[in-house]
Amino acid sequence: MMLNRYSPLATAVALSLTLAACGTGQTDTDADAESLDSALLGEVDNSDPALTTALEDQIMVDQELAGQSNANAALPGDAVSGSPVPETLHTAADAQEAISAGRLLSAPAPTEGEECAECDGRSAGQGETTLGAAASRQSGEPQFEACTAPVEYGMQWANALPRAFSVYPGSEVVEAAGHNAEGCRVRVVSFRTNASMQRLLDWYYTRAVRTGYSSEHQLRHDNNVLGGYRTRDEGAYYIIFAPRAGGGTDVDIVANNGI
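Mapped onto mature numbering (1 follows the signal peptide of the UniProt record, and there is no 0), the consecutive letters of the sequence shown carry residue numbers -21 to -1, 1 to 238.
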């Protein structure tokens, strides 16, 4: 994925993850979704108990469906998909932070991404790779040269994403992994939600650009991809959005630094 002057990030973070999809998240009503948009933009009304609950609620994991889905997944032996997820750490704070005045920005129309062996947009929900393989692809690139150690699996990494890319409210986390080292703070998280793809694209595009990241929108392997970079802390992200057959969206987030 071409990311302007940081084109090496194309192969660095164009990752196909290993996260098998599971569960079905509860969608917000149209009114709730509008409220979430306003909350993201710093317009949250704390007197609305439904909104407060949605923003502060725990990330959900359907353990039964997680087990069913993992039957077709390419997971390593120590993966922990389906484990309970700790309480969300950043969602409520992020939603109430005034990062913009007005409504969500609209993500730009996608361009067709250049095809290459290392930079794909395959969804983790298809179980086409593993987190370890995804992380190893990063280690040879300039922005990830410090990321040579294997990632560690654990649902706690879902709560350790950069604040701009925290898990969408009401979603169900499928798998998470990460690693902390000098110059390398990689997080890889997969989740699914009943929210529409366009809402998610706009949500994460807004969060990215309002916190100083560049952002490009491309199509890869019939999936939508957002990616970008932030100079001040060498933060990078790559997000894959894949439509679910029954409605909703599978989302895979890869992020380094920016924390």
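In this text, a Cβ means the ideal position worked out from N, Cα and C, and glycines have one as well.
Apart from the 5 residues on each side of it in sequence, Arg164 sits with its Cβ closer than 6 Å to the Cβ of Asn236, Ile238 in its chain, given in chain order. Here Gly162 is exposed: its Cβ has fewer than 16 other Cβ atoms, across all protein chains shown, within 10 Å.
With respect to the 8 Å criterion, Val204 and Leu84 are not classified as neighbours on the basis of their beta carbons. Closest in alpha carbon position to His200, among Ile219, Ala215, Tyr192, Tyr184, is Ile219. The three-state reading of DSSP puts Arg223 in coil, since its state is none of H, G, I, E or B. Burial state of Gly207 is buried, judged by a 10 Å Cβ sphere holding 16 or more other Cβ atoms. When C-alpha distances from Gly227 are compared across Asn138, Gly191, Thr172, Tyr192, the shortest belongs to Thr172.
Taken atom to atom, the span from the alpha-carbon of Arg186 to that of Gly133 is near 25 Å. Judged by their CB atoms, Val146 and Val153 are not nearer to each other than the 8 Å cut-off. Exposure of Arg211 is indicated by the presence of fewer than 16 other C-beta atoms within 10 angstroms of its C-beta.
Listed as beta-bridge partners of Asp201 by DSSP are no residues whatsoever.
Gly225 counts as exposed, since fewer than 16 other beta carbons sit within 10 angstroms of its beta carbon.
Within its own chain, the residues whose Cβ lies closer than 7 Å to the Cβ of Arg209, once the five positions on either side in sequence are excluded, are Gly191, Tyr192, Gly237, listed in chain order. Taking 8 Å as the cut-off, the Cβ atoms of His158 and Ala139 do not count as close.
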